[in-house]
Amino acid sequence: MKNYILILFGSLLFACNQSSNKKETDEHAVHENGASSELTLNNGAKWKADSITNHNVVDLKTIADNFRIKPFPSLNEYQILGNDLNDGLNKMLRECKMSGPDHDALHHWLEPVIKGTNELKNVTDTSAGRSVFKSIDKQIDDYHNYFE
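Following the working numbering, the numbering of the sequence shown begins with -1 at its first residue and continues without gaps.
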């Protein structure tokens, strides 16, 4: 599981042309030592995302919205949701062309979505699935609070 997460993050970094120079990154999004902190605005402004990224976030939101209408999702449905979100994230990673501080902020926003998605794929009870989904759903909804 940990190897899968490392591979996914490695793919994310490679696919999105990750800059190794974190000193140009806004300190509120990522510390200079590479440790993540709470995502904030870019000096009071939203981070810039390209149209491809925005479209892929809309796709993730659609997946979450379609799931949210299920009255009592089963364990299997939570696991399927994890796979569907994973497919959406993989598409986002393949198509990513962003770079620089905006890209670094996007990575920070993506971390909990990726983590939650991996948890959903392996969830063992519906209560845990519901909790993880709520967290992912909120993170997806928060995207437009930080990116334009």
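Glycine residues also receive a C-beta, built at the ideal position from the N, C-alpha and C atoms.
Inclusion of S72 and T124 in the CB contact set at 8 Å is warranted, their separation being smaller than that value. For Q137, the closest alpha carbon among the candidates L118, A126, T122 and G114 is that of G114. In the DSSP annotation of this structure, the continuous segment of the alpha helix (DSSP H) that includes S133 starts and ends at T124 to Y144. Taking C-beta atoms as the reference points, N54 and M90 count as a pair closer than 8 Å. Per the coordinates, the alpha-carbon of N84 lies some 11 Å from the alpha-carbon of E117. Between E146 and K46, the beta carbon gap of about 6 Å places them in contact (Cβ cut-off 8 Å). Of the candidates P69, G98, T38 and T51, T51 places its Cα closest to the Cα of R92. Excluding its 5 nearest sequence neighbours in each direction, G42 has no C-beta neighbour in its own chain below 8 Å.
If you draw a 10 Å sphere on the C-beta of P69, you find fewer than 16 other C-beta atoms in it, and that means exposed. Residue state for N41 is assigned as coil, using DSSP reduced to three classes.
A straight line joining the alpha-carbon of S129 with that of Y144 spans about 23 Å.
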